[in-house]
Amino acid sequence: MAANFKPGEDNHRPGTYIEVGPRGGRVHDPRIVHIDAGDRLPPTQEVGHLWQHRPSGKK
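At position 10 of the sequence shown the residue is numbered 10 (full-length UniProt numbering), and the sequence of numbers has no breaks.
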């Protein structure tokens, strides 16, 4: 199981993050964002949603 991160946290590693539900499940029409080193994770579409790091090989 991949780690989930709250909006506004400093990212633990640069890369692509996908929006997931409160328990890490899929959400309808998730936001996908790219974060550079030192950036914070942006707000999600709904309260309670989290961010999950997405391996670079997956689409």
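A virtual CB, placed ideally from N, CA and C, is assigned to each residue, including glycine.
Worksheet item: Grouping DSSP H, G and I as helix and E and B as strand, with all else coil, what is residue 10?
Response: Here the question's residue 10 lines up with position 10 in the sequence shown. Of the three classes helix, strand and coil, the one that applies to residue 10 here is strand, per DSSP.
Practice prompt. Verify whether the separation of the beta carbon atoms of residue 44 and residue 19 is less than 8 Å.
Written response: Reading the sequence shown from its first residue, position 44 is the one you call residue 44. Reading the sequence shown from its first residue, position 19 is the one you call residue 19. It is a contact, given that the beta carbons lie within the stated cut-off.
Worksheet item: In this structure, does DSSP put residue 16 in helix, strand or coil?
Response: As a first step, residue 16 is located in the sequence shown; it is residue number 16 there, counting from the start. It is a strand residue.
Worksheet entry | Sub-8 Å separation of residue 42 and residue 14 beta-carbons | Here residue 42 refers to the residue found at position 42 of the sequence shown. Here residue 14 refers to the residue found at position 14 of the sequence shown. Taking 8 Å as the Cβ cut-off, residue 42 and residue 14 do not qualify as a contacting pair.
Worksheet item: From residue 16 to residue 2, what does the alpha carbon distance come to, in whole angstroms?
Response: Start at 1 with the first residue of the sequence shown, and residue 16 comes out as number 16. Start at 1 with the first residue of the sequence shown, and residue 2 comes out as number 2. If you take the alpha carbons of residue 16 and residue 2, they lie about 13 Å apart.
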